[in-house]
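A.B. asks: Sequential numbering from 1 applies to the sequence shown in the UniProt record's numbering. Every residue, glycine too, gets a C-beta built ideally from N, C-alpha and C. Since the model is a prediction, treat every value here as computed from it, not as a measurement.
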Amino acid sequence: MANGHKNKVGDLGKNTVASEGKPMTTDQGVKINDDANSLKAGERGASLLEDFILREKITHFDHERIPERIVHARGSGAHGYFELYEDMRKYTRARIFTDTENRTPVFVRFSTVAGSKGSGDLARDIRGFAVKFYTQEGVFDLVGNNTPVFFIQDAMKFPDIIHSVKPEPDWEIPQAASAHDTFYDFISLATESLHNHMWAMSDRGIPRSYRMMEGFGIHTFRLVNEQGESHFVKFHWKPKLGVHSVTWDEAVKINGADPDFHRRDLWEAIEAGHFPEWELGLQIIPAEDEHKYEFDLLDATKFVPEELVPVKIIGKMTLDRNPDNFFAETEQVAFHPGHIVPGIDFTNDPLLQGRLFSYTDTQLSRLGGPNFREIPINRTVNEVHNNHRDAQMRMTINQGKAAYFPNTIGGGCPHLAKMAEGGFTSFEERIDGKKIRDRSASFNDHFSQPALFFRSLTEWEQTHLINAYVFELGKCNRDAIKERMLWLLSQIDDRLATAVASKLGMQIPMDIERPINQNIGADADPHKHEPSAVKHYLEKSEALSQEPLPTTIIEGRKIAVLVADGFDMAALQKMKAYLEELKHANFQLIAPHGGTIRCTENMEHRVDASLMTTESVLFDALYIPGGIQSIQALKSEGKVFKFIHEMLKHCKVIAFDGEAEELYKLSAAKDFVHDEAILLNGSPEHFAGALAKHRNWQREPHTLHIAV
Ligand code: HDE
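Spelled out as structure tokens, the structure:
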């Protein structure tokens, strides 16, 4: 297989610097022999202006920060590659989708949307899933999210929804959260946002890991083949590890215990060689089917159910290398949905059209001018030749006199490429219409798909979603806004609205008036969108639920092992041999104290974390080996019971071996006799099987009385 992916590694290598064994210098290359003291007039004298070493150091420091992204400010990146399984030339001439021999390098950035750069990873939010493909024909960016739909239909509303969800402008509260009046004020007036909002309120809003999220291009794009024929396409990323989430109680606690939880998880998995993988799937829709569905393909608040158009898996992405430098790569990377290559094209989705303007525009101020395309992480692996010149921080030294086209002085170069030579040609779509400022009536149905989404969830997922609404609306202060939301929820699903209303202690209003009689636009009238005329074109769509598909992969799952001096080494070894060595899960020894502990074999073992410094929510499962002395010591630690009870409540796998049965009996675990994820002297295979299912959600309704 041609290793195209080495190209980008080599390209970045031109700019990477390792300082091991090298003398310290100024930026001008002058060696430095004192980096701790400024130049002074006398021992206690004032510092001298001539101290070029001090001036350079401080000046550079003073300018280290650049503006953070207005949305998606907090993110984590990784390098990898994409491999194609099947030649798709029937649909597209893009080589990335026709050449099965080539590995295309990628850089991926995952992010939260609303919070600042330093906010917690476990905010209830949508996640960004942006992929930069360094193809032989130029950069192709697939700038997606972890949900298949977006909040709004038209780019015109983007600043409004973002202003409404960001911290309120007077007191800059709350950070990275949507639980406040301005957000619900907006979304209850812009009912198109209800669908994506429902996804955000579902477990998708609090993923267990970036490695366990789906990704979606959201918009309908086009694939265009050599013959100039076009098909509509939706892009999907399907994670090999399945789609999993944490509970809200965990999310809140993780944000305190380790706000870098997702960033650390991705980094550590890659460092350990557990490279996360996603398969790329396409939903391909013939051009003649454009008007076949009950929804409009150009409406980004709708997905195409997999029952109507199956997802065809065509390739796989593997992330196998962490960045060398967060700022140089993850912070400076500039994605753009308008970075496409020949064989891929846009549709008239009005949200996509607006995005095509926004990304370069914001990057001009974030990265300081138009030459950010030359920053190593952003530059393409093929050659760039054009007549763009100058501006801040220009790196390229263009030779010759002719910086215009056409020319003869430069030999007519750089010259144009015909379509057959790989030149980009836009798809020749026939357009015939009046210039109007309006939205198509085919975008009007705002209620059918949220209802389909809710119907498609399992009972436990529905419960989580209901609780999310109760939490978020419960934090709003204005009753009128909450009532408007309750009425809208009742138009989606009665059971959902009734459950939320009862926990809020409120009534669902019979109807809502146009909220204010001032002119806030016809689009803000929920009645315009025919809430009662919910279309029922599908009872359920299986792919919308996260109910884990049967998988045996537990790679990188974290298992807490509670031990004290005198723990049963043989029992732990047996578990580790299977789960860690064979299945690549990760065991961590948690003990009442740091340093080392002794086992029954009188050997010393390094403690990974003391009970004081860690929390159960940072792990996927709990294992307690026996050993009389160890269990006696653990019995007197309150935090041990907190671990067990939290693990119980969060429906995780818990295994007690040998004398650890005493802890089982002393804890609430003893009440869950038939629970298949609670093991007494269970086999490693049983443990691995339960862990692969992620959680035993059936347990959840029976844990309400457990206080932790
Ligand atoms: Fe973005 N979005 N967006 N967005 N978006 C940005 O570009 C914007 C939308 C998405 O890791 C910004 O460089 C508008 C949909 C991701 O660097 C900005 C509209 C989807 C990222 C911008 C949308 C996304 C961004 C901020 C409505 C999913 C992070 C910084 C018309 C398909 C990329 C930047 C990264 C970032 C504008 C809607 C995904 C301001 C105007 C829909 C994953 O240009």
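Check whether the region 133–150 and the region 160–178 touch, using three or more Cβ-Cβ pairs below 8 Å as the test.
C.D. replies: At 8 Å Cβ cutoff, the stretches do not touch.
A.B. asks: Thinking glycine 215 and phenylalanine 129 are a contact (beta carbons under 8 Å), I'd like their distance in whole angstroms, please.
C.D. replies: That belief holds up - the Cβ atoms of glycine 215 and phenylalanine 129 are roughly 3 Å apart, short of 8 Å.
A.B. asks: By alpha-carbon positions, which one of Thr147, Asp568 and Phe357 ends up nearest to serine 193?
C.D. replies: Checking every option, the nearest Cα to that of serine 193 belongs to Thr147.
A.B. asks: Any heavy atom of the ligand HDE closer than 8 Å to the beta-carbon of glycine 128?
C.D. replies: Glycine 128: yes, Cβ under 8 Å from the ligand HDE.
A.B. asks: How many Å lie between leucine 579 and histidine 593 at the Cα?
C.D. replies: Using only the alpha carbons, I get a separation of about 25 Å.
A.B. asks: Any chance you could list the beta strand (DSSP E) runs of at least 3 consecutive residues sitting entirely within the region 287–368, in chain order?
C.D. replies: Listed in chain order, the complete beta strand (DSSP E) runs (minimum 3 residues) inside the region 287–368 are 312–321.
A.B. asks: In whole angstroms, what separates the C-alpha of methionine 647 from that of valine 561?
C.D. replies: Methionine 647 and valine 561: Cα-Cα distance of roughly 12 Å.
A.B. asks: Count the other CB atoms within 10 Å of the CB of arginine 379; is the residue buried (16 or more) or exposed (fewer)?
C.D. replies: By the 10 Å Cβ count, arginine 379 comes out buried.
A.B. asks: If I follow the unbroken beta strand (DSSP E) through tryptophan 697, where does it start and stop?
C.D. replies: Neither: tryptophan 697 is in no beta strand (DSSP E) and is coded neither H nor E.
A.B. asks: Could you tell me the boundaries of the beta strand (DSSP E) in which histidine 605 lies?
C.D. replies: Per DSSP, histidine 605 belongs to the beta strand (DSSP E) from 604–606.
A.B. asks: By Cβ distance, which residues of its chain are closer than 8 Å to aspartate 154, with the 5 residues on each side in sequence left out?
C.D. replies: Contacts found: Pro350, Leu351, Gly354 and Arg439.
A.B. asks: Between the region 617–634 and the region 685–702, are three or more C-beta pairs nearer than 8 Å?
C.D. replies: Touching, yes, given that three or more Cβ pairs across the two stretches are closer than 8 Å.
A.B. asks: Between arginine 109 and glycine 75, how many whole angstroms is the CB-CB distance? I'm expecting something under 8 Å.
C.D. replies: At roughly 5 Å, the Cβ-Cβ gap stays under 8 Å, so arginine 109 and glycine 75 are in contact.
A.B. asks: According to the neighbour-count rule (16 or more other Cβ atoms, all chains shown, within 10 Å of its Cβ), is phenylalanine 405 buried or exposed?
C.D. replies: Exposed, by the Cβ-count rule.
A.B. asks: Residue range of the alpha helix (DSSP H) that residue 715 falls in?
C.D. replies: Because residue 715 is not part of the residues shown, which for the chain are 1 to 708, the question remains open.
A.B. asks: Taking the alpha carbon of glutamate 428 as the point to measure from, which residue in Gly343, His674 and Glu64 has its own alpha carbon closest?
C.D. replies: With distances taken between Cα atoms, glutamate 428 lies closest to Gly343.
A.B. asks: In whole angstroms, what separates the C-alpha of residue 758 from that of alanine 668?
C.D. replies: One cannot answer for residue 758 here, as it falls past the ends of the chain, which runs 1 to 708.
A.B. asks: Please determine, among His163, Thr191, Asp170 and Leu189, the residue with the shortest C-alpha to C-alpha distance to serine 178.
C.D. replies: Among His163, Thr191, Asp170 and Leu189, the Cα nearest to that of serine 178 belongs to His163.
A.B. asks: Roughly how many angstroms lie between the CA atoms of valine 246 and glutamate 374, to the nearest whole one?
C.D. replies: So the alpha carbons of these two residues sit roughly 40 Å apart.
A.B. asks: Determine the direct distance from the alpha carbon of histidine 686 to that of histidine 674, and round the result to whole angstroms.
C.D. replies: Taking the straight line joining both Cα atoms gives about 14 Å.
A.B. asks: Is glutamine 449 near the ligand HDE - that is, is its Cβ less than 8 Å away from at least one heavy atom of it?
C.D. replies: No; taking the cut-off as 8 Å, the Cβ of glutamine 449 has no heavy atom of the ligand HDE nearer than that.
A.B. asks: Got a sec, what are the start and stop residues for the alpha helix (DSSP H) serine 541 sits in?
C.D. replies: That residue, serine 541, is in no alpha helix (DSSP H); it is neither H nor E in DSSP.
A.B. asks: What ranges does the beta strand (DSSP E) occupy inside the region 545–580, keeping only unbroken runs of at least 3 residues that lie completely in it?
C.D. replies: Segments of the beta strand (DSSP E) lying fully in the region 545–580: 558–562.
A.B. asks: Taking 9 Å as the threshold (beta carbon to beta carbon), is lysine 475 in contact with chain D?
C.D. replies: In the displayed structure, chain D is absent; only one protein chain is listed.
A.B. asks: Does the Cβ of proline 701 have 16 or more other Cβ atoms within 10 Å, making it buried, or fewer, making it exposed?
C.D. replies: Exposed: under 16 other Cβ atoms inside 10 Å.
A.B. asks: Can serine 358 be considered in contact with the ligand HDE, in the sense that its beta carbon sits closer than 8 Å to one or more heavy atoms?
C.D. replies: True, at least one ligand heavy atom lies under 8 Å from that Cβ.
A.B. asks: Just to confirm before moving on: does the CB-CB distance between valine 9 and leucine 122 stay below 9 Å?
C.D. replies: Not closer than 9 Å, so no.
A.B. asks: May I have the straight-line CA-CA distance separating isoleucine 377 from methionine 569, to the nearest angstrom?
C.D. replies: C-alpha separation (whole angstroms): 47 Å.
A.B. asks: Does the Cβ of cysteine 413 have 16 or more other Cβ atoms within 10 Å, making it buried, or fewer, making it exposed?
C.D. replies: Exposed.
A.B. asks: Which of helix, strand or coil does DSSP assign to phenylalanine 672?
C.D. replies: Here phenylalanine 672 sits in coil by DSSP.
A.B. asks: Is the region 235–246 close to the region 538–550, with three or more CB pairs under 8 Å?
C.D. replies: Counting Cβ pairs under 8 Å, three or more are found: they touch.
A.B. asks: Determine the contact status of glutamate 50 and leucine 39, defining contact as a CB-CB distance below 9 Å.
C.D. replies: Closer than 9 Å, so yes.
A.B. asks: Can you determine whether any heavy atom of the ligand HDE sits closer than 8 Å to the C-beta of aspartate 511, and answer yes or no?
C.D. replies: Aspartate 511: no, Cβ never under 8 Å from the ligand HDE.
A.B. asks: Out of curiosity, what's the CA-to-CA distance linking valine 139 and proline 276?
C.D. replies: One C-alpha to the other measures close to 22 Å.
A.B. asks: Taking only heavy atoms of the ligand HDE into account, decide whether any of them is closer than 8 Å to the Cβ of alanine 591.
C.D. replies: Checking the Cβ of alanine 591 against the ligand HDE gives no.
A.B. asks: Smallest Cα separation from methionine 213: which of His291, Leu416, Thr112 and His60?
C.D. replies: It is Thr112 whose Cα lies nearest to the Cα of methionine 213.
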